[in-house]
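Numbered by full-length UniProt numbering, the letters in the sequence shown go through residues 1 to 551 in order.
Glycine included, each C-beta is placed from N, C-alpha and C at the ideal position.
Please read these numbers as outputs of a predicted model, since none were measured by experiment.
A short worksheet on the structure shown next.
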Amino acid sequence: MTDLVEIRNLKVEAKTDSGRIIEIIKDVSFDIAKGEIIALIGESGSGKTTIALTLMGHAREGCHISGGKIYVDGQDMAALSESARAKVRGTTVAYIPQSAAAAFNPATKIMEQVIEVTRIHRLMPPEQARLRAIELFRALSLPNPETIGERYPHQVSGGQLQRLAAAMALIGEPKLVIFDEPTTALDVTTQIDVLKAFKSVIRAGDIAGVYVSHDLAVVAQIADRIAVLKGGEIQEVAKTEAILTRPSHPYTRELLAAFEPKQVVRSNSAGASIAPVLRIDSLVAGYGDLQPNGLPAVCAVQSVSLEVEKGRNLGIIGESGCGKSTLARAIAGILPAVSGTIDFNGSEINRAAKSRTRDQLREMQIVFQYADTALNPAKSIADILERPLAFYHGMDRKAREARVDQLLDMVRLPRALRYRYPSELSGGQKQRVNFARALAAEPRLIICDEITSALDTVVAAAIIDLLKELQRELHLSYIFISHDLSVVEAICDEIAVMYGGKKVEQITRETADTPRHPYSQLLFGSVPKLDPAWLDNLVQDPELKREYGHG
């Protein structure tokens, strides 16, 4: 079989801020047969997207293709002129981005944007293009395929917009499609619908694909082969089943181990009664002005009650918009709850952080999802960590400096990082600094709001291991908010499931495999497994999908 794609000795160079030239893709070679899907997986900075973009003859700003051959359907994309590349893009090779919202013009109807490629390349008359688009909408399992194109991008859900981006890519009948983490930003229940739609259309059209991702379970459902990348080099390429069951490279084995983190084991007996460090009762929180009924205009948290025992962890899971992050902000007092009570350490505390005592603030800390925005870019790591030491503990400079070293040791960071700024650290390092700042207060409870969602699988697994170690050493309790069930199950003793602003169920480790609420059943059943046959064999209750799905 003649290969559709042949990459030989590909090299890509980048210029650093200081003007130094570094090689970021190092002598990469692989082939893709017609109709085959190959996944590129690896951590951030491994070169996944950079390699995928070279298939369109493109390099990101500051980068250039410095060597090798990139043949797509017999044409060397690196050697083509820009005008020749433009003719190939959208017809021979197409691209589906991670954020579909960024790919659409909010002021133009969806149909006009989907068929734009056919107009630019003069592929077919407008009426024929519209009919073809409707066919694609139907094939991609979009609702109301005849009329959805008349809407604007903001009038459809995230999962629908991602499938519409696929229609935009496929309407030019490309031979190769690049999928750049297209389901990363989607809820797990929506992700399944999108993956099924992608797989169906790609197989039906005998289209080749490059699927960029850091999620092994997702690519296991769609890829024929997997290429594992690290540091701009391919570590291993093999059929999907072989990668999952017989990995040959140590880094691949590390990725697989990180995907299924070890669950935390408790030593205390099952019947032992432990005093709660936190108890909330009938908490109501939201946004906007209070209405005549006493509720906010947008009621994001509706009468939620839960408790966290000392030295134990509670996970809070649910889809985007279910209220889990709003609940975290309400517990922390950043967004004061409208009603309900918060008992912390045995006494009721004010719903607003500004009205809490300094000790109450100190003993309950929150670590946010994005360390980039949580850390002041103008301050050194030492300055960032010293601030809570001065505020909560009144330490002098000498004591603060010594404690900063201890905090860096605690989160397994080199002491030399104290002199650096956030921009000089990796994502995982920044999140460790974020956590060290919370530890500086010497808290009893730490609220972790999606703290691993922006991190690679291996880095996230290391953060979870760190949290477990610190809990053993410092007797902490955590509230862990996440959409990643494997992460929550790895560290939490109980899991609260939220839907539509309400807590619909609280699950223990013993009942995790048999949730009772229909939404919990749908949520737990939608998490991809490291099994290439999982998606094809997945059967979901259509009634549950209709009631709780938002694909």
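Assignment of T508 by DSSP, reduced to helix, strand and coil, places it in the strand class. Along the length of the region 214–292, whole beta strand (DSSP E) runs at least 3 residues long occupy 225–230, 233–239, 276–290, reported in chain order.
Counting the other CB atoms within 10 Å of its CB gives P377 a total below 16, which places it among the exposed residues. With distances taken between CA atoms, D180 lies nearest to I41 out of I41, I234, G68.
Rounded to whole angstroms, the gap between the alpha carbons of D541 and T508 is 24 Å.
Using a 10 angstroms sphere on the CB of V304, the tally of other CB atoms reaches 16 or more, which defines it as buried. In the three-state reduction of the DSSP assignment, A402 falls in the helix class, which pools H, G and I. Of I134, P174, M111, S339, the smallest CA-CA separation from R89 is found for P174.
Assigned with DSSP and collapsed to three states, G90 falls in coil, not helix or strand. The secondary-structure analysis by DSSP pairs K69 across a beta bridge with R8. Between the C-alpha atoms of L413 and I464 there is a straight-line separation of about 15 Å.
Note on geometry: alpha-carbon atoms of E494 and R253 lie some 29 Å from one another. By the criterion of a C-beta distance shorter than 8 Å, A101 is surrounded in its chain by P153, G158, L161, once the five residues flanking it on both sides are discounted.
Between K26 and A416, the alpha-carbon positions lie close to 30 Å from each other.
Nearest C-alpha to K199 among W534, R546, L544: W534.
For N313, the uninterrupted beta strand (DSSP E) run begins and ends at 313–317, by DSSP.
Look at G340 here: in three-state DSSP terms it is strand. Annotation for K26: the continuous beta strand (DSSP E) segment containing it runs 21–33. One alpha carbon belongs to A220, the other to Y211, and they sit about 11 Å apart.
For K354, the number of other beta carbons within 10 angstroms of its own is below 16, and it is reported as exposed.
Per DSSP, D449 lies in no alpha helix (DSSP H); the unbroken beta strand (DSSP E) holding it starts and ends at 445–449. For K503, the closest of S520, V487, C492 by C-alpha to C-alpha distance is S520.
Taking a cut-off of 8 Å for Cβ pairs, the region 15–25 and the region 419–435 do not touch, as fewer than three such pairs fall below it.
For E386, the uninterrupted alpha helix (DSSP H) segment begins and ends at 381–393.
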